[in-house]
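Novice: Here the first sequence stands for residues 1 to 186, where the numbers follow our numbering.
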Amino acid sequence: MDKKRKELPHSWYARDAVEIAQALLGKTLRYGDCEGIIVETEAYTTDAASHGKVLTPRSRIMHETYGHWYVYFTYGMHFCANVTTNKDGVGAVLIRAVEPTKGIERMEKRRRTTELRNLCSGPAKLCQAFDITLAENELPIGGAFTIYDAPELPADEIIASPRIGIRQDTELPWRFTIKGNKFTSR
DNA sequence: TACTGGATTCACT
DNA sequence: GTGAATCCAGTAA
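Printed below as a string of structure tokens:
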């Protein structure tokens with residue numbers, strides 16, 4: 001275990017979701033014994049696709065916090081993990097895919113596959129692999145469920161693309177991936 | 001109270 | 001490429 005690595009401070013998440021979504025690429029996600037490098041993110045603010053568009057009990061955390069986990073249940077069977085952002089505003093970044101680095105055996109059991117590329121290459125897949133559930137919703141980022149700092153990636157290593165198939169009435173959220181990485185979704 | 005649709009995944013064709 | 005699985009949050013009435 002590298003004792004020099006540092007958790008991202010709470011204040012780090014106070015910025016805009018789009019900024020955070022890019023900056024999270026290459027950082028290390030840890031939950032319990034499992035770790036992985038974040039390779040794909042998606043920024044949500046007040047756009048049409050975002051839960052943050054309307055203030056509801058569920059989306060309250062997007063409005064009132066930054067540097068917290070926002071975990072929600074969707075499609076009747078899947079969980080998705082977000083970090084809340086924006087000190088003065090609404091924002092969250094969905095962690096869509098990670099490259100597994102530790103706890104791979106556990107992930108393989110939970111995902112029922114040994115195909116490394118298929119363990120965490122999607123928002124619901126990584127929640128299943130890491131065993132992230134609603135129990136983690138609204139927890140502050142840190143401790144056993146945290147993100148470790150890493151050098152910022154150069155801009156030419158990042159691919160930015162608008163989400164596909166979204167309603168076109170308001171600003172688009174943005175998806176960010178690491179160029180050439182094999183562990184992203186799709 | 002009832003209904004609708006969804007930030008997905010996977011099996012099947 | 002297509003559709004089923006599955007159930008909760010949000011909304012309408």
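Quick reminder that beta carbons are idealized off the backbone N, C-alpha and C, glycines included.
Tell me the DSSP secondary structure of Gln168 in three-state form.
Specialist: Any answer about Gln168 is weak, because its pLDDT of 44 lies below 50 and its placement is not dependable; what the coordinates show is given next. Coil.
Novice: Can you check DSSP and say which residues form a bridge with Ile178?
Specialist: Ile178 is bridged to Ile158.
Novice: Could you compute how far the alpha carbon of Asp16 sits from the alpha carbon of Leu29?
Specialist: So the alpha carbons of these two residues sit roughly 20 Å apart.
Novice: Determine the burial state of Gln100: buried for a count of at least 16 other Cβ atoms within 10 Å of its Cβ, exposed for fewer.
Specialist: Before going further, note that residue 100 is Pro rather than Gln in the sequence given. It is buried - the Cβ of Pro100 has at least 16 other Cβ atoms within 10 Å.
Novice: Just list the residues that DSSP pairs Thr84 with in beta bridges.
Specialist: Ala92.
Novice: How is Ala48 classed by DSSP in three states: helix, strand or coil?
Specialist: If DSSP states are grouped into helix, strand and coil, Ala48 belongs with coil.
Novice: Please name the residue in Glu157, Leu94, Pro154, Gly89 whose C-alpha comes closest to that of Ala43.
Specialist: Selected option, being the one with the closest Cα: Leu94.
Novice: If we count the other Cβ atoms within 10 Å of its Cβ and call it buried at 16 or more, is Thr133 buried or exposed?
Specialist: Answer is exposed; the Cβ neighbour count stays below 16.
Novice: Considering only their Cβ atoms, is the gap separating Tyr66 from Lys87 smaller than 9 Å?
Specialist: Against a cut-off of 9 Å, the Cβ pair of Tyr66 and Lys87 comes out as a contact.
Novice: Exposed or buried, what is Gly165 when buried is set at 16 or more other beta-carbons lying within 10 Å of its beta-carbon?
Specialist: Because Gly165 sits at a pLDDT of 46, beneath the cut-off of 50, its placement in the model cannot be relied upon, and the following sentence gives the value as read from the coordinates. Exposed, because fewer than 16 other Cβ atoms sit within 10 Å of the Cβ of Gly165.
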